[in-house]
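Okay, so here's the structure we're looking at.
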Amino acid sequence: MTATSAPSPSRTTATAARVLRQLRHDPRTIALMILVPCVMLFLLRYVFDGSARTFDTIGASLLGIFPLITMFLVTSIATLRERTSGTLERLLAMPLGKGDLIAGYALAFGAVAVVQSALATGLAVWLLDLDVTGSPWLLLLVALLDALLGTALGLFVSAFAASEFQAVQFMPAVIFPQLLLCGLFAPRDTMHPALEAISDVLPMSYAVDGMNEVLHHADLTTAFLRDITVVAGCALLVLILGAATLKRRTP
Numbered sequence: 231m232t233a234t235s236a237p238s239p240s241r242t243t244a245t246a247a248r249v250l251r252q253l254r255h256d257p258r259t260i261a262l263m264i265l266v267p268c269v270m271l272f273l274l275r276y277v278f279d280g281s282a283r284t285f286d287t288i289g290a291s292l293l294g295i296f297p298l299i300t301m302f303l304v305t306s307i308a309t310l311r312e313r314t315s316g317t318l319e320r321l322l323a324m325p326l327g328k329g330d331l332i333a334g335y336a337l338a339f340g341a342v343a344v345v346q347s348a349l350a351t352g353l354a355v356w357l358l359d360l361d362v363t364g365s366p367w368l369l370l371l372v373a374l375l376d377a378l379l380g381t382a383l384g385l386f387v388s389a390f391a392a393s394e395f396q397a398v399q400f401m402p403a404v405i406f407p408q409l410l411l412c413g414l415f416a417p418r419d420t421m422h423p424a425l426e427a428i429s430d431v432l433p434m435s436y437a438v439d440g441m442n443e444v445l446h447h448a449d450l451t452t453a454f455l456r457d458i459t460v461v462a463g464c465a466l467l468v469l470i471l472g473a474a475t476l477k478r479r480t481p
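Read the sequence shown against our numbering and you will find it ends at 481, with the numbers running on by one and no gaps.
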């Protein structure tokens, strides 16, 4: 029987439930996804213990970047492991479409991303005293969208890796350039024009811009709405590409 192409809510939720059951038996992965961003923010706060203003300046940006990186790593490795073990081939031999599978993974890891983003945002704002002009709920929204973007990127690149080691190697190619060009280390408008043009099409740039909008503005701004729309749109686009490029097994 071939995999069906029409997405089904029941098949999607069943896939998500299976992934969550597997995660429940993998405490190290859960710790990586949920605790590592919190630990990194905690360390960052006390690295700049003598300069709270510095933490306020970059803490909001990293609040979005850390979830993106961890979700990218975990999702790419977990999906590849399913393919190399033959699980995906068996699943796709059932009435389960690629869209159902990708959506199920996104739903499962998205649920984890909600917990991850809520903990990291709560830690930064209420325990580490991150000074935010706007609503913490908007920070949470951007952090969640960033985590979902990391999930989508991880699902997408897993199709091009033949081993878990290769999946990790995609981080320098996919994540590090965005990290350097997103405006975290230098304002994007001060970069070389060619690099600024590249940064304008990278989703992490809009994630950082969105965090900075919340950091400096009490109300919703047009720039903030643009930023979250771009991040959400990129996540959806990458998920669609992930479904199109998903392989049954590793050659």
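Backbone N, C-alpha and C define an ideal beta-carbon position, used for all residues, glycine too.
Ranking F296, G384, L425 and S393 by CA distance to the CA of L374 puts F296 first. Distance from T305 to T381 at the Cβ level is roughly 5 Å; contact confirmed, criterion being Cβ atoms closer than 8 Å. Distance from the CA of A389 to the CA of F302, rounded to the nearest whole angstrom, comes to 13 Å.
Between L369 and A462, the C-beta gap is not smaller than 8 Å, which leaves the two residues out of contact.
The Cβ neighbour count for T242, taken over all protein chains shown within 10 Å, is at least 16; the residue is labelled buried. Here P417 carries a coil assignment [DSSP, helix/strand/coil].
Shown here, F395 sits in a helix according to DSSP, grouped into three states. At a cut-off of 4 residues, the continuous stretches assigned as alpha helix (DSSP H) that sit fully inside the segment 404-481 are 406-411, 423-429, 433-446 and 452-475. Non-local C-beta neighbours of I428 in its own chain, meaning closer than 7 Å and more than five positions away in sequence, comprise L411, ordered along the chain. Where G329 is concerned, the enclosing alpha helix (DSSP H) starts and stops at K328 to G352. If you draw a straight line from the Cα of F454 to the Cα of A403, it is about 27 Å long. L360 sits in coil when the DSSP states are folded into three classes, being neither helix nor strand. Judged by their CB atoms, V266 and A338 are not nearer to each other than the 8 Å cut-off.
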